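What follows is a single structure, written as structure tokens, with notes after it.
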Amino acid sequence: MHSATNRIWIPLICILCISTLSCKKFLATYSQNNSFIETTSDLDEILVGDAYLDHYNISTPDMLYTMDDDVNFNIPSSLVKQYYAPGFYGWQAQPRLNSEGQLDNTDRHFNLLYSRIARINTILLNVTALKEKGQPENVLNRISGEAHFLRALYYFMLVNIYGKPYKPATAATDFGVPLKTEAAIKEQFAARSSTKEVYELMVADLLQAEKELAGANESSTIRANQASAQGLLSRIYLYMEDYQKAVQYADLVINKQQYQLTNLNVHPTDKDFIKKYSPEVIFTMGSNRVGAYMASSMDIPIITSYKVSDDLVMAYSQNDLRRQVFFKTNSRGDIRIFKKRESEYSAIDDVSDCYLIRYAEIYLNKAEALAALDRFEEARNTLQYLRKTRFRPDEVPVSNAQGETLINEIRNERRLELCFEVHRWFDLRRYGVNSKYPFSKTIRHRNVIYTANGYIESGYFELGPYEQDKAAYIVPIANDEIEFNQGMLTNEPRPDRPVKH
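Counting in the working numbering, the sequence shown runs from 2 upward without gaps.
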């Protein structure tokens, strides 16, 4: 993280509004003179343009597609050697090395989120200033609520990518990510805060957002509202193993009766399952990039890409309606292409794969938390409510499970339902440190090499369970940040990972 002359902590210099040069000039000038923000409209413009992500932002980091057990490499049919980045896919010691041996020293996603957080901190500072000037308090509360929600969401992404997973017994000493909550520019280097400190900030921000967003943006899916804050709280409390509160906040969203589960019994299989204004969408921003990495526009890909793993495909029962709605079969008869959202790209309809809060997740959060509280019947009923929209009436799976068996059933349902929405990698991390029901799994990814005859499979990479392979479950902060901060930022060493045969 950089000082006043560098890129992350600068609240308003050399940033912002990529849409117009005049906006850049306005904000750069403001950074020297607060008088340029005089009204709520000025502040709201900064919130929309510079705190939220839009569809032009590269908002999903590549590694979150490639590290879990839902994908495997697609051998391209092309005979031409192509560039690809296998480092995260193979959980390498230097994961930013590409196929040509070149090292990328910069992490654009890391920089993007911290630059957004810097802007949010400045917005929150000016909320107070504008209240003192007599600007409308209800509007300023709404702006403040959206800013608090976004800051919590960005820190959620950062700590679950670059920090250790939340383990209640050790969270106070486990490393998270640097926290920055002040708008002031400081000439100092950044160190990691603890995982507990990061989660405590997220919770505080969201509780504040919940109050400030009461009655605001209620029908919007692209501006944060109270349901967004409550839904994210249910997720975060689940990660923290605070199961009572995870249930409480899931119920607050459910009891609004504002959202609906899409019934796949009546949903056409050739239509998008999810769009920006679908009844399941609580909040979304940014773009969806799954199609590009899955080469979903190609029947048999000729480019380097990823495909749905056999492990995921086989996890669906044959009568699960999601098989037809979430995926499509290629001309070889293989389910390989993901299609929750497959129609021609449009910023009007686009829904994020990364910054998405969806109604189905709320039910899964609640079910898992209830099961962890030994409220097994309530957990099964919650799970069945979702399943009734995913199976034909006479084919809904019946469950009498309890304890660990029920937890694993719910976790599996979470995988099936939320695939390619950037949950699986985070879930594997938190399952590995869960206090009551820890989960172990070894993942294998096929290794693909280029030969004179094109690409061929040659062995595999293997990731051990979290307790055996902890460092590989944490994305290292890029070298440029490590070097600049002169030892204040460190990464956990990652072991070399050779190909196995």
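We put the beta carbon where it would ideally sit given N, CA and C, even for glycine. These numbers come from a predicted model, not from an experiment.
Residues of its chain near residue 455, where Cβ-Cβ distance is below 6 Å and the 5 sequence neighbours each way are ignored:
80, listed in sequence order.
DSSP three-state assignment for residue 330, whether helix, strand or coil
Strand, per DSSP.
Taking all protein chains shown into account, do 16 or more other C-beta atoms lie within 10 angstroms of the C-beta of residue 267, making it buried, or fewer, making it exposed?
The C-beta of residue 267 has fewer than 16 other C-beta atoms within 10 Å across all chains shown, which makes the residue exposed.
Anyone know if the C-beta pair for residue 331 and residue 311 falls short of 7 Å?
Taking 7 Å as the Cβ cut-off, residue 331 and residue 311 do not qualify as a contacting pair.
Compute the Euclidean distance between the alpha carbons of residue 162 and residue 119, then round it to the nearest angstrom.
Spanning the alpha carbons of residue 162 and residue 119 requires a straight line of approximately 19 Å.
Fully enclosed by the stretch 270 to 352, which alpha helix (DSSP H) runs are 4 residues long or longer?
Every alpha helix (DSSP H) of 4 residues or more that sits fully in the stretch 270 to 352 is shown, in chain order, as 291 to 295, 311 to 314, 323 to 327.
For my contact list, residue 416 and residue 166 are in at a C-beta cut-off of 8 Å; report their separation, rounded to the angstrom.
Actually they do not touch by this definition, with Cβ atoms about 17 Å apart.
Roughly how many angstroms lie between the CA atoms of residue 384 and residue 394, to the nearest whole one?
So the two alpha carbons sit approximately 15 Å from each other.
Residue 1 and residue 443 closer than 7 Å at C-beta:
Past the boundaries of the shown model lies residue 1; the chain is included only from 2 to 502, so the question cannot be answered.
Reference residue 110, options 488, 497, 158, 77, closest by Cα
Of the candidates 488, 497, 158, 77, the residue whose Cα lies closest to the Cα of residue 110 is 158.
Under 7 Å, do residue 106 and residue 481 count as touching if we go by C-beta distance?
The answer is yes: Cβ separation under 7 Å.
Residue 501 and residue 461 - do their beta-carbons sit closer together than 7 Å?
With contacts defined as CB atoms closer than 7 Å, residue 461 and residue 501 qualify as a contacting pair.
Just the C-alpha distance for residue 364 and residue 457, rounded to the nearest angstrom, thanks.
Residue 364 and residue 457: Cα-Cα distance of roughly 42 Å.
Mind checking residue 83: buried by the 16 CB within 10 Å criterion, or exposed?
Exposed: under 16 other Cβ atoms inside 10 Å.
Distance, Cα to Cα, residue 487 vs residue 195?
Across the structure, residue 487 and residue 195 are spaced so that their CA atoms are roughly 19 Å apart.
Local Cβ density within 10 Å of residue 61, reported as buried at 16 or more and exposed below that
Residue environment analysis places residue 61 among the buried positions, since at least 16 neighbouring C-beta atoms fall within 10 angstroms of its C-beta.
Quick one: using the 10 Å Cβ neighbour count with 16 as the cut-off for buried, is residue 101 buried or exposed?
Classification of residue 101: exposed, given that the 10 Å Cβ count is below 16.
Would the stretch 229 to 248 and the stretch 295 to 309 be scored as touching if the rule is three or more Cβ pairs under 8 Å?
A contact is defined here as three or more CB-CB pairs under 8 Å, and the stretch 229 to 248 fails this definition with respect to the stretch 295 to 309.
Determine the burial state of residue 336: buried for a count of at least 16 other Cβ atoms within 10 Å of its Cβ, exposed for fewer.
Residue 336 should be labelled buried.
Quick one: residues in its chain with C-beta nearer than 7 Å to the C-beta of residue 224, no 5 flanking neighbours on either side, listed in chain order?
These residues qualify, in order along the chain: 147, 218.
Reduced DSSP category for residue 480 - H, G, I as helix; E, B as strand; rest coil
Collapsing the DSSP output to three states places residue 480 in a helix.
Measuring straight from C-alpha to C-alpha, what distance separates residue 276 and residue 489?
Residue 276 and residue 489 have their C-alpha atoms some 43 Å from each other.
Restricting to runs no shorter than 3 residues, where is the beta strand (DSSP E) found entirely within the stretch 349 to 406?
Listed in chain order, they are 357 to 359.
Pair every Cβ in the stretch 65 to 80 with every Cβ in the stretch 433 to 448, then say whether three or more of these pairs are closer than 8 Å.
Yes, they touch.
Near residue 72, which residues of its chain fall below 6 Å by C-beta distance, leaving aside the five closest residues on each side in sequence?
Cβ within range, chain order: 307, 310.
How many angstroms separate the CA atom of residue 478 from the CA atom of residue 108?
Rounded to the nearest whole angstrom, the C-alpha separation of residue 478 and residue 108 is 8 Å.
Meets three-Cβ-pair contact criterion under 8 Å: the stretch 367 to 380 and the stretch 286 to 300:
Counting Cβ pairs under 8 Å, fewer than three are found: no touch.
DSSP-derived helix/strand/coil call for residue 198:
Correct three-state label for residue 198: helix.
I'd like to check one pair, residue 126 with residue 184: are the Cβ atoms closer than 7 Å?
Pairing residue 184 with residue 126 gives a Cβ-Cβ distance under 7 Å.
Is residue 140 near residue 41, with beta carbons less than 7 Å apart?
Pairing residue 140 with residue 41 gives a Cβ-Cβ distance under 7 Å.
Distance, residue 175 Cα to residue 387 Cα
Taking C-alpha positions only, residue 387 is separated from residue 175 by approximately 35 Å.
Three-way DSSP call (helix, strand, coil) for residue 213 in this model:
Of the three classes helix, strand and coil, the one that applies to residue 213 here is helix, per DSSP.
Is it buried or exposed for residue 493, if we count other Cβ within 10 angstroms and need 16 for buried?
Exposed: under 16 other Cβ atoms inside 10 Å.
Go ahead and pull the three-state DSSP assignment for residue 413.
The three-state reading of DSSP puts residue 413 in helix, counting H, G and I together.
So what does DSSP say about residue 474, is it helix, strand or coil?
Assignment of residue 474 by DSSP, reduced to helix, strand and coil, places it in the helix class.
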